[in-house]
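Written out below as structure tokens is the structure these notes cover.
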Amino acid sequence: MELRHLRYFMAVAKELHFTRAAELLGIGQPPLSQQIQQLEREVGAPLFMRDRRGVSLTEAGKAFMAEAQLALDGAERATEAARRVARGEVGTLTLGFTVSANLHPFVPSLIRLYRSRYPGVAVRLVEQTTLQLIERVHNGTVDLAFVRAPTQPTPGVHVEAILSEPMVAVVPSTHALAGRPSIRLRELAREPFIFYPRQVGVGLYNVLVGACRRAGFTLSVDVEAPQLTSVVTFVAAGMGVSVVPATMSQLQVEGVRYLPLQGRPLAAGLAMAYREGPASEALAFAVDLTRETAVVDYPPGRSE
Numbered sequence: 001m002e003l004r005h006l007r008y009f010m011a012v013a014k015e016l017h018f019t020r021a022a023e024l025l026g027i028g029q030p031p032l033s034q035q036i037q038q039l040e041r042e043v044g045a046p047l048f049m050r051d052r053r054g055v056s057l058t059e060a061g062k063a064f065m066a067e068a069q070l071a072l073d074g075a076e077r078a079t080e081a082a083r084r085v086a087r088g089e090v091g092t093l094t095l096g097f098t099v100s101a102n103l104h105p106f107v108p109s110l111i112r113l114y115r116s117r118y119p120g121v122a123v124r125l126v127e128q129t130t131l132q133l134i135e136r137v138h139n140g141t142v143d144l145a146f147v148r149a150p151t152q153p154t155p156g157v158h159v160e161a162i163l164s165e166p167m168v169a170v171v172p173s174t175h176a177l178a179g180r181p182s183i184r185l186r187e188l189a190r191e192p193f194i195f196y197p198r199q200v201g202v203g204l205y206n207v208l209v210g211a212c213r214r215a216g217f218t219l220s221v222d223v224e225a226p227q228l229t230s231v232v233t234f235v236a237a238g239m240g241v242s243v244v245p246a247t248m249s250q251l252q253v254e255g256v257r258y259l260p261l262q263g264r265p266l267a268a269g270l271a272m273a274y275r276e277g278p279a280s281e282a283l284a285f286a287v288d289l290t291r292e293t294a295v296v297d298y299p300p301g302r303s304e
């Protein structure tokens with residue numbers, strides 16, 4: 001018994017006329033009669049009574065009709081469910097992001113856009129350090145992560161740059177430099193410096209080390225903070241100075257000043273990380289949407 005047998009049966013059962021049912025189905029009347037006869041032989045009971053007055057359902061036919069409709073409805077639901085998965089409209093997507101990435105307007109706006117386009121996908125959010133997120137992408141517990149770039153290469157994990165933004169100095173509001181409109185990086189050379197450990201975010205750490213070297217001094221981290229938000233808190237406590245991505249200035253912490261850096265631009269990258277190889281439709285669409293949104297809202301050559 002195939003679904004076409006059920007469709008043929010339902011057409012005849014609703015029309016109670018073989019010729020009209022055949023026209024609706026787009027087949028000839030004799031082949032339709034043959035298909036119904038095959039179905040009756042498989043069921044083992046007559047489904048229709050045929051006489052001079054026309055066609056009517058037998059009691060067996062009435063019982064079969066109710067279940068046949070359920071089967072056809074179920075097949076339609078199964079087909080639509082498969083199509084929705086193929087279109088990336090259902091499923092689960094686990095998104096990870098660092099604290100500083102979450103502060104960038106790109107990330108929350110992207111999440112809002114994704115949820116509006118794919119409301120059937122359950123989105124789970126995870127906030128951790130770049131190192132932790134790369135590991136979770138590697139072991140499959142996070143599908144797509146937004147991290148600070150560059151990152152340490154990890155086998156099986158693809159890291160793709162999305163955009164970049166300038167870095168700014170952050171100093172205590174009582175500091176001698178706090179009243180300046182901007183400063184040079186080398187003016188922080190003799191200051192106690194606050195940053196997170198290299199292993200927490202090797203890429204951004206190395207970017208800062210290289211910038212300090214070009215500015216004529218060697219970076220020495222005097223106070224280590226677990227993440228960038230902690231860096232700002234420690235600066236507010238008067239423990240030192242630092243350099244952070246410009247979006248961190250959204251943290252309006254009392255007791256700090258954010259100062260643009262003069263000279264060669266110092267940029268912090270934002271990247272997405274996901275596992276190499278086959279991906280779910282939900283992840284594939286998220287990756288494509290990330291690329292599209294980044295190009296439209298943050299075109300190449302423009303820093304944010």
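Take the sequence shown: its letter number 176 is residue 176 in the UniProt record's numbering, and every next letter is one higher.
All C-beta atoms, glycine included, are put in the ideal place defined by N, C-alpha and C.
Whole angstroms are fine: how far does the CA of residue 166 sit from the CA of residue 302?
As a working mapping, residue 302 is identified with position 302 in the sequence shown. As a working mapping, residue 166 is identified with position 166 in the sequence shown. In this prediction, residue 302 scores a pLDDT of 48, lower than 50, which makes its location untrustworthy; the coordinate-derived value is nonetheless stated afterwards. Computed Cα separation, rounded: 10 Å.
Please report the straight-line C-alpha distance between residue 170 and residue 143, rounded to a whole angstrom.
Start at 1 with the first residue of the sequence shown, and residue 170 comes out as number 170. Start at 1 with the first residue of the sequence shown, and residue 143 comes out as number 143. Between residue 170 and residue 143, the C-alpha separation is close to 33 Å.
Flag this pair as touching only if the segment 188-195 and the segment 224-244 have three or more C-beta atom pairs under 8 Å; answer yes or no.
yes
Tell me, please, whether the segment 229-241 touches the segment 201-216 by the rule of three or more beta-carbon pairs shorter than 8 Å.
no
Would the beta-carbon of residue 250 fall within 8 Å of that of residue 103?
Translated into positions along the sequence shown, residue 250 becomes position 250. Translated into positions along the sequence shown, residue 103 becomes position 103. Contact annotation: residue 250 and residue 103 have beta-carbon atoms nearer than 8 Å.
For the putative contact between residue 1 and residue 42, defined by C-beta atoms under 8 Å, what is the C-beta separation to the nearest angstrom?
Position 1 of the sequence shown holds residue 1. Position 42 of the sequence shown holds residue 42. So it is a contact: roughly 5 Å between Cβ atoms.
Taking residue 268 as the reference, give the member of 74, 225, 203 with the closest Cα.
As a first step, residue 268 is located in the sequence shown; it is residue number 268 there, counting from the start. Ranking the options by Cα distance to residue 268, first place goes to 203.
Using three-state DSSP, classify residue 155 as helix, strand or coil.
Taking the sequence shown and counting its residues from 1, the one referred to as residue 155 is at position 155. Coil at residue 155, not helix or strand.
Is the separation between the beta-carbon of residue 151 and that of residue 130 shorter than 8 Å?
Residue 151 sits at position 151 when you count from the first residue of the sequence shown. Residue 130 sits at position 130 when you count from the first residue of the sequence shown. Closer than 8 Å, so yes.
Would you call the CB atoms of residue 173 and residue 277 closer than 8 Å?
Within the sequence shown, numbered from 1, the residue matching residue 173 stands at position 173. Within the sequence shown, numbered from 1, the residue matching residue 277 stands at position 277. Contact flag unset, no.
Among residues of its own chain, excluding the 5 on either side of residue 212, which ones have a beta-carbon nearer than 6 Å to its beta-carbon?
Taking the first residue of the sequence shown as 1, we reach residue 212 at position 212. Non-local beta-carbon contacts of residue 212 in its own chain, meaning distances under 6 Å to residues more than five positions away in sequence, involve 219 in chain order.
How many Å lie between residue 307 and residue 280 at the Cα?
Residue 307 is absent from the structure shown; the chain starts at 1 and stops at 304.
Residue 252: buried (16+ other C-beta within 10 angstroms of its C-beta) or exposed?
What you label residue 252 is simply residue 252 of the sequence shown in a count that begins at 1. The residue in question, residue 252, is exposed, as its Cβ has fewer than 16 Cβ neighbours within 10 Å.
Under 8 Å by Cβ, that's how I've got residue 91 and residue 121 pegged, so tell me the actual separation to the nearest angstrom.
In the sequence shown, the residue the question calls residue 91 occupies position 91. In the sequence shown, the residue the question calls residue 121 occupies position 121. Contact between residue 91 and residue 121 holds, since their C-beta atoms are separated by about 5 Å, short of 8 Å.
Pull up the distance between the alpha-carbon of residue 300 and that of residue 293, whole angstroms please.
Residue numbering aside, residue 300 sits at position 300 when the sequence shown is read from its first letter. Residue numbering aside, residue 293 sits at position 293 when the sequence shown is read from its first letter. Low confidence applies to residue 300: its pLDDT is 49, below 50, so where it sits in the model is not reliable, and the reading given next is rough at best. Their backbone Cα atoms lie some 12 Å apart in a straight line.
Residue 161 and residue 149 look like a contact to me (Cβ under 8 Å); what is the Cβ gap, rounded to whole Å?
Here the question's residue 161 lines up with position 161 in the sequence shown. Here the question's residue 149 lines up with position 149 in the sequence shown. That belief holds up - the Cβ atoms of residue 161 and residue 149 are roughly 5 Å apart, short of 8 Å.
Which residues mark the beginning and the end of the alpha helix (DSSP H) in which residue 180 is found?
The sequence position of residue 180 within the sequence shown is 180, counting from 1. First-last for residue 180: undefined, no H or E at that position.
Going by beta-carbon coordinates alone, are residue 125 and residue 147 separated by less than 8 Å?
To locate residue 125, count along the sequence shown from 1; it is residue 125. To locate residue 147, count along the sequence shown from 1; it is residue 147. Result no, Cβ atoms of residue 125 and residue 147 do not sit closer than 8 Å.
Just mark residue 100 as buried or exposed, buried being the case when its beta carbon has 16 or more other beta carbons within 10 Å.
Translated into the one-based positions of the sequence shown, residue 100 becomes position 100. Label assigned to residue 100: buried.
Buried or exposed: where does residue 79 fall if 16 or more other Cβ atoms within 10 Å of its Cβ makes it buried?
Taking the sequence shown and counting its residues from 1, one reaches residue 79 at position 79. Exposed, since its Cβ has fewer than 16 Cβ neighbours within 10 Å.
Which class does residue 272 belong to by DSSP, given the choice of helix, strand or coil?
Within the sequence shown, numbered from 1, the residue matching residue 272 stands at position 272. Residue 272 falls in the strand class under three-state DSSP.
Kindly indicate which three-state DSSP category residue 230 falls into: helix, strand or coil?
The residue given as residue 230 occupies position 230 in the sequence shown. The answer is helix: DSSP assigns residue 230 an H, G or I state.
Could you give the DSSP three-state label for residue 28: helix, strand or coil?
Numbered from 1 along the sequence shown, position 28 holds the residue referred to as residue 28. It is coil, neither helix nor strand.
Can you grab the Cα-Cα spacing for the pair residue 233 / residue 222, in whole Å?
As a position in the sequence shown, residue 233 is number 233, starting the count at 1. As a position in the sequence shown, residue 222 is number 222, starting the count at 1. Roughly 15 Å separates the two Cα atoms.
Select from 53, 186, 54, 12 the residue whose C-alpha is nearest the C-alpha of residue 39.
Start at 1 with the first residue of the sequence shown, and residue 39 comes out as number 39. Among 53, 186, 54, 12, the Cα nearest to that of residue 39 is on 12.
My guess is that residue 309 and residue 55 are in contact by the Cβ rule of under 8 Å, so how many angstroms apart are they, rounded?
Since the first residue shown for the chain is 1 and the last is 304, residue 309 is missing from the structure and cannot be characterised.
Mind checking whether residue 274 and residue 123 have CB atoms under 8 Å apart?
Counting from 1 along the sequence shown, the entry for residue 274 is found at position 274. Counting from 1 along the sequence shown, the entry for residue 123 is found at position 123. It is not a contact, given that the beta carbons lie outside the stated cut-off.
Measuring straight from C-alpha to C-alpha, what distance separates residue 50 and residue 93?
As a position in the sequence shown, residue 50 is number 50, starting the count at 1. As a position in the sequence shown, residue 93 is number 93, starting the count at 1. In a straight line, the C-alpha of residue 50 is about 56 Å away from that of residue 93.
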